[in-house]
Structure formats: C-alpha cells, structure tokens
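Here the structure comes first, spelled out in structure tokens, and everything after it is commentary.
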Amino acid sequence: MTLSLRRLTRVLRRDTRGAAAVEFAMVVPLLLALIFSTLEAGWIMLQSIMLDRALDMTVRELRVGSFENPTQEAMRLRVCERAMILADCNRALALELIPIQNAASYPTDAVRCVNRSNPIAPVLRFSAGARADIMFVRACFVVSPITPGLGLAMALTKDESGAVRLVSKSAFANEPA
Numbered sequence: 004m005t006l007s008l009r010r011l012t013r014v015l016r017r018d019t020r021g022a023a024a025v026e027f028a029m030v031v032p033l034l035l036a037l038i039f040s041t042l043e044a045g046w047i048m049l050q051s052i053m054l055d056r057a058l059d060m061t062v063r064e065l066r067v068g069s070f071e072n073p074t075q076e077a078m079r080l081r082v083c084e085r086a087m088i089l090a091d092c093n094r095a096l097a098l099e100l101i102p103i104q105n106a107a108s109y110p111t112d113a114v115r116c117v118n119r120s121n122p123i124a125p126v127l128r129f130s131a132g133a134r135a136d137i138m139f140v141r142a143c144f145v146v147s148p149i150t151p152g153l154g155l156a157m158a159l160t161k162d163e164s165g166a167v168r169l170v171s172k173s174a175f176a177n178e179p180a
C-alpha cells in the first residue's frame, strides 16, 4: 500500500497538466477586481468633478447677481443642466443654501442627502440671504456604484439603499448693495 502511494505521489508530481488553470483561477479574480475598481474610481471621480464644476458655475451666477431670486428648484435645475453626466439628477440631488451670521450658524458636517429607500424628501435649508451675507452652499448627489459587490465599491461608504454620496461645498459673500 505504501508503495502504491509513493508511486502515485511521484506520478502526480511529474504531471503538470492543469497548472495554468490553477494559476488562472487564482489571478483572474484579483485582476478583474483591480480593473473594475479602477473603472469605478474613475466614474465616481468624474461625477464628483462635474458636480463641483456645476455648483461652482451656479454659485458664480449667484455671486455676480445674474441669478436673481434663486429658488431651490431653479438652482437645482441649473446645477443639473451644467453637470450633464449625473443620471436622474433632479431626483438624486439635494441642495442647501445657508446664510452664515456667526460661528454657531455654520452648518454641521451631517449632510442631508436624498434617501432613495425612503419616499419622504429631507427638509433642506434654503435662504438666499441678505446683501453682504456670507453664504454656504452644499450639494449632495446620490449615485449607485457600477459594481456594488466588487473591489472599490465594497469599501465605499454607502447609505441604506446602497448608494454613494457625493458632496460638494462652496462659500461666497453676497455682493453689497
């Protein structure tokens, strides 16, 4: 019995068929996770940059006075028009405009975003403020990862619906009269 076991071990040691398949099975999942993580990071970064750009352009209009009497809906529409690639932007974008009078009125880091698992929209502060007020504007866009169960998407902080929150902030001073 020991002789046949030794012979079998010797035969198996010399037989290299299937070695490439084992290497393939070990390397390919890691390679795919790396590739999809790179795509995921690029897509999320692109959306974040477009949100920042759109918010900056809209805030510039507010600063110079060419966007008179802004409402939350009108400002959201302008941001969404300029952020071209944000899918379902009107429903997934939360926008706050807050006047800052002193240090106590500065908003906390608790961002209010759209929760897609809850049909009730969050209550957001939106006030155009008075002349010479310092204004704080914050936009939160909710986006679903491309590959939610693979690589980078598993490491990202997500809400209850499995979405990632992209937050853009800006501050400016209303022009004096």
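Add 3 to the 1-based position in the sequence shown for this note's numbering, that's all there is to it.
Virtual Cβ for every residue (Gly too), placed ideally from N, Cα, C.
Thinking C-beta only, is residue j closer than 8 Å to residue i?
i, j, result
"Met60", "Leu89", "no"
"Cys116", "Arg56", "no"
"Ala135", "Ser147", "no"
"Ile137", "Trp46", "no"
"Asn105", "Ala133", "no"
"Val114", "Val170", "yes"
"Ala23", "Leu155", "no"
Tell me the rounded alpha-carbon separation between residue i and residue j.
i, j, result
"Thr74", "Val140", "13 Å"
"Phe27", "Val14", "23 Å"
"Asn153", "Ala36", "Position check: residue 153 holds Leu in this sequence, whereas Asn was assumed. Near 6 Å, if we compare the C-alpha coordinates of Ala36 and Leu153."
"Ser164", "Leu11", "54 Å"
"Glu71", "Leu127", "20 Å"
"Gly68", "Glu76", "18 Å"
"Ser40", "Leu159", "11 Å"
"Gly21", "Thr111", "58 Å"
"Met48", "Asp162", "18 Å"
"Lys172", "Phe144", "12 Å"
"Glu84", "Phe129", "20 Å"
"Ile38", "Asn93", "31 Å"
"Leu34", "Met157", "16 Å"
"Thr19", "Val25", "11 Å"
"Pro32", "Tyr109", "46 Å"
"Ala51", "Met87", "The amino acid occupying residue 51 in the given sequence is Ser; Ala does not appear at that position. Spanning the two alpha carbons is a distance of roughly 12 Å."
"Pro151", "Leu42", "12 Å"
"Asp91", "Val62", "21 Å"
"Arg16", "Ser7", "14 Å"
"Pro102", "Val30", "54 Å"
Am I right that residue i and residue j are in contact with their C-beta atoms under 8 Å? What's the rounded C-beta distance?
i, j, result
"Leu100", "Arg79", "Their Cβ separation, rounded to whole angstroms, is 11 Å, which puts Leu100 and Arg79 out of contact at 8 Å."
"Leu96", "Ala142", "6 Å"
"Leu65", "Phe175", "7 Å"
Quick one: what's residue i bridged to in DSSP?
i, result
"Ile103", "Ile137"
"Ser173", "Val140"
"Ala158", "Bridge partners of Ala158: none, in fact."
"Ala97", "Cys143"
"Val167", "Val146 and Lys161"
Which runs of the alpha helix (DSSP H), 4 residues or longer, sit entirely within the region 6–72? 22–67
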